[in-house]
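Asker:
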Amino acid sequence: MDKLTGPEGRQIAFCRTAGEGPPVVFLGGFRSDMSGTKAVHLEAWARRQGRAFLRFDYSGHGESSGRFEDGAIGDWYEDALAALDLLGEPAVLVGSSMGGWISCLITREHPDRVAGLVTIAAAPDFTEDGYWASFDIAQRETLATQGVVHVPSQYGEAYPITRRLIEEGRERFVLRSPLRFDVPVRMLQGTDDPDVSVETALRLLGHAEGPDIRLTLVKGADHRFSRPENLPVIEAAIEEVLASLAA
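Residue 45 in full-length UniProt numbering sits at position 45 of the sequence shown, with consecutive numbering throughout.
1) Report the option in R180, L215, E209 and F173 whose CA atom is closest to the CA atom of G190.
2) With 16 other CB atoms within 10 Å as the buried threshold, where does Y58 fall?
3) Would you mind stating whether Y77 and R172 have Cβ atoms separated by less than 8 angstroms?
4) Apply the 10 Å Cβ neighbour rule to I73 and answer buried if 16 or more other Cβ atoms are within range, or exposed otherwise.
5) Give the DSSP-derived three-state secondary structure of A247 in the structure shown.
6) If you draw a straight line from the C-alpha of Y155 to the C-alpha of A115, how long is it?
7) Classify A39: buried if its beta carbon has 16 or more other beta carbons within 10 angstroms, exposed otherwise.
8) Using 8 angstroms as the threshold, is the C-beta distance between P111 and D182 below it?
9) Could you tell me the distance, in whole angstroms, from the CA atom of G147 to the CA atom of F30?
10) What residues in its chain sit with their C-beta under 8 angstroms from that of D222, if we drop five residues either side in the sequence?
11) Check the C-beta distance from R67 over to E20 and give it rounded, since I have them as a contact under 8 angstroms.
12) What residues in its chain sit with their C-beta under 7 angstroms from that of E168, if we drop five residues either side in the sequence?
13) If you compare alpha carbons, which of V174, T107, S134 and L86 is closest to G6?
14) Could you tell me which whole alpha helix (DSSP H) segments of length 4 or greater appear in the UniProt domain "AB hydrolase-1" (46-135)?
15) Name, in chain order, the residues that DSSP records as bridge partners for L215.
16) Quick check: G60 and D33, are their CB atoms within less than 8 angstroms of each other?
17) Restricting to Cα atoms, I'd like to know which of A237, F14, P211 and V94 is closest to A25.
18) Quick check on DSSP: helix, strand or coil for H223?
19) Indicate the three-state DSSP secondary structure (helix, strand or coil) for E167 in the structure shown.
20) Work out the CA separation of P228 and A144 for me, nearest whole Å.
21) Looking at the structure shown, is G36 part of a helix, part of a strand, or coil, going by DSSP?
22) Compute the Euclidean distance between the alpha carbons of V174 and E128, then round it to the nearest angstrom.
23) With distances taken from CA atoms, which of I161, L42 and R108 is nearest F149?
24) Between C15 and R55, is the Cβ-Cβ spacing less than 8 angstroms?
Here you go:
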């Protein structure tokens with residue numbers, strides 16, 4: 001593991017595997033880290049393929065510096081761009097959950113840095129459509145007066161959802177403004193995902209414009225998409241994007 005100095009001096013932890021390009025970059029989800037099942041599995045896949053690969057932790061996540069509750073979508077987007085600076089060539093982004101949102105942002109705002117895109121249970125605009133939309137009057141008042149609401153999570157301790165996370169997220173929406181992809185895109189979505197609905201995946205598919213965008217629904221897959229039977233589906237999506245680029 002190494003670290004790079006990102007925006008505002010944030011120390012971003014990363015693991016980089018040398019190999020042939022285009023490099024594959026894994027962008028993790030909200031409060032996850034680069035030691036997760038998918039990231040580690042794909043690194044091993046890349047080694048077998050002789051493929052350049054990068055995984056990293058956003059600030060406030062994993063081994064990177066900072067507190068999680070101080071971060072927002074824009075910060076983590078900037079961290080991802082700093083990680084991409086290591087590569088020097090367009091990459092295939094593999095974005096999981098929040099990483100799907102961030103990878104869509106990067107592909108829209110910096111198309112020259114993206115060779116292809118794979119999303120896994122992408123959660124675009126989730127700060128608004130997920131958290132804010134679900135808050136009752138009391139929670140919204142608490143957010144306004146105290147700046148944070150703690151929301152229970154099935155993945156561990158409660159998540160601190162800050163006013164800054166909600167407000168800054170509104171500057172990063174991808175479902176409320178044009179979203180053009182001129183690279184091959186493969187979207188993966190499980191039908192048993194309790195956090196991101198199939199309707200959200202269909203909304204993203206319908207909203208995005210581009211010549212080569214496909215959505216695969218996987219019956220029974222959950223949000224983590226990391227069961228042994230799910231991981232080869234991710235590999236196949238990446239390989240399909242790489243084959244499209246080679247052609």
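Even for Gly, the Cβ is constructed at its ideal location relative to N, Cα and C.
Answerer: For this structure:
1) L215
2) Y58 is classed as buried because its beta carbon has at least 16 other beta carbons within 10 Å across all chains shown.
3) yes
4) buried
5) In this structure, A247 counts as coil in the three-state DSSP scheme.
6) 32 angstroms
7) buried
8) yes
9) 19 angstroms
10) G190, D192, D193 and P194
11) Actually they do not touch by this definition, with Cβ atoms about 38 angstroms apart.
12) A72, I73 and G74
13) The shortest CA-to-CA distance from G6 to any of V174, T107, S134 and L86 is the one to L86.
14) If we require 4 residues or more, the alpha helix (DSSP H) runs fully inside the UniProt domain "AB hydrolase-1" (46-135) come out as 73-84 and 98-109.
15) M187
16) No. Outside cutoff.
17) A small fix is needed here, since residue 25 is Val in this sequence, not Ala. With distances taken between Cα atoms, V25 lies closest to V94.
18) coil
19) helix
20) Within the model, the alpha-carbon separation for A144 versus P228 is close to 43 angstroms.
21) In this structure, G36 counts as coil in the three-state DSSP scheme.
22) 12 angstroms
23) Residue identity differs from the one stated: residue 149 is Val in this sequence, not Phe. Of the listed residues, the one whose Cα sits closest to V149 is I161.
24) yes
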